[in-house]
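Novice: Protein chains in written order, with the working numbering: chain A, 2 to 77; chain Y, 85 to 237.
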Amino acid sequence: MSITVRFFASLREELGINQKSVHHTCALTIEDVWRDIARRPPPKNLLCAVNHEYAGFGQRLEDGDEVAFFPPVNGG
Amino acid sequence: MLIEIRKQAFDPWREVSYHEKNPQLHPGSYGACAAFVGTMRDFNLGENVQAMQLEHYAGMTEHQLAKIADQALIKHRLLDLIILHRAGTIRPNDPIVLVATWSAHRDAAFGGCQEIMEYLKSKATFWKKETLASGQRWVEQGTPGRPPPRRQG
Numbered sequence: 002m003s004i005t006v007r008f009f010a011s012l013r014e015e016l017g018i019n020q021k022s023v024h025h026t027c028a029l030t031i032e033d034v035w036r037d038i039a040r041r042p043p044p045k046n047l048l049c050a051v052n053h054e055y056a057g058f059g060q061r062l063e064d065g066d067e068v069a070f071f072p073p074v075n076g077g
Numbered sequence: 085m086l087i088e089i090r091k092q093a094f095d096p097w098r099e100v101s102y103h104e105k106n107p108q109l110h111p112g113s114y115g116a117c118a119a120f121v122g123t124m125r126d127f128n129l130g131e132n133v134q135a136m137q138l139e140h141y142a143g144m145t146e147h148q149l150a151k152i153a154d155q156a157l158i159k160h161r162l163l164d165l166i167i168l169h170r171a172g173t174i175r176p177n178d179p180i181v182l183v184a185t186w187s188a189h190r191d192a193a194f195g196g197c198q199e200i201m202e203y204l205k206s207k208a209t210f211w212k213k214e215t216l217a218s219g220q221r222w223v224e225q226g227t228p229g230r231p232p233p234r235r236q237g
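In structure tokens:
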């Protein structure tokens, strides 16, 4: 299956990755994707989303999903 | 209803008065309009701030704003609303956000406006990067808000 992974704000700068595609033959969770790409423990305040909805780290992914990792938000 | 993330500067008061000419908002149908305008400060955490970059997650942010607008319309029985948020480069005193709500009575207009603002502060996918004399830094903690007041019986 194929997953698009995106990083935002300070996390994008720290990892030096804006967007990446991940291809796997087995089932994946968000945590698997993080470990595969970031190769470091997740920061305590890490947030993630799947297909534009907030998601938990253990959520299973499906083919074609877009996963995003980002630091705490700050709008308004 | 206007929901937009805009890269250009805007005049919030002009937006509100222009929106009131919208035929959807019949004159006489509303008794209250609450408007919140957030503008950029030239100081933060004890330092002077020269400019700010506002980044957002295109696609997710629009989806979130549409969802909170729909929720607020129903929950507070709003007649109409504006959520207008800046992105890109912002200078001190520039408006960052306008939330305006129209309803029959003030309680609904205030409640809806505050609920949308608190959502923008705590959930909407925006990030701010400040430019200081000494360099740039990400702002990872917002100013505290408060929960909307309880409705009276």
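Cβ coordinates follow ideal geometry from the N, Cα and C atoms, glycine included. Since the model is a prediction, treat every value here as computed from it, not as a measurement.
Are the C-beta of residue 70(A) and some C-beta of chain Y separated by less than 8 Å?
Specialist: No, residue 70(A) does not count as interfacial toward chain Y.
Novice: Which residues in chain A have a C-beta closer than 9 Å to the C-beta of residue 133(Y)? List them in chain order.
Specialist: Within 9 Å Cβ-Cβ: nothing; residue 133(Y) doesn't reach chain A, min ~14 Å.
Novice: Given that residue 75(A) touches chain Y, what residues does it touch there, using C-beta distances under 8 Å?
Specialist: 205, 210, 211, 212, 223, 224, 225 and 226
Novice: Does any residue of chain Y have a CB that is nearer than 8 Å to the CB of residue 3(A)?
Specialist: no
Novice: Listing by chain order, which chain A residues have their CB less than 9 Å from the CB of residue 84(Y)?
Specialist: No statement about residue 84(Y) is possible, as the shown extent of chain Y runs from 85 to 237 and does not include it.
Novice: Give the single residue among 77(A), 73(A), 76(A) and 65(A) whose Cα lies nearest to the Cα of residue 28(A).
Specialist: Nearest neighbour of residue 28(A) by Cα position, chosen from 77(A), 73(A), 76(A) and 65(A), turns out to be 65(A).
Novice: Please list the terminal residues of the continuous beta strand (DSSP E) segment that includes residue 66(A).
Specialist: First-last for residue 66(A): undefined, no H or E at that position.
Novice: Could you pull out every residue in the same chain whose Cβ sits closer than 7 Å to the Cβ of residue 135(Y), ignoring the five residues on either side in sequence?
Specialist: Same-chain partners within the cutoff: 173, 174, 175 and 215.
Novice: Give, in chain order, every residue of the stretch 8-19 of chain A whose Cβ lies closer than 7 Å to some Cβ of chain Y.
Specialist: Across the stretch 8-19 of chain A, CB contacts with chain Y closer than 7 Å involve 9, 10 and 11, in sequence order along the chain.
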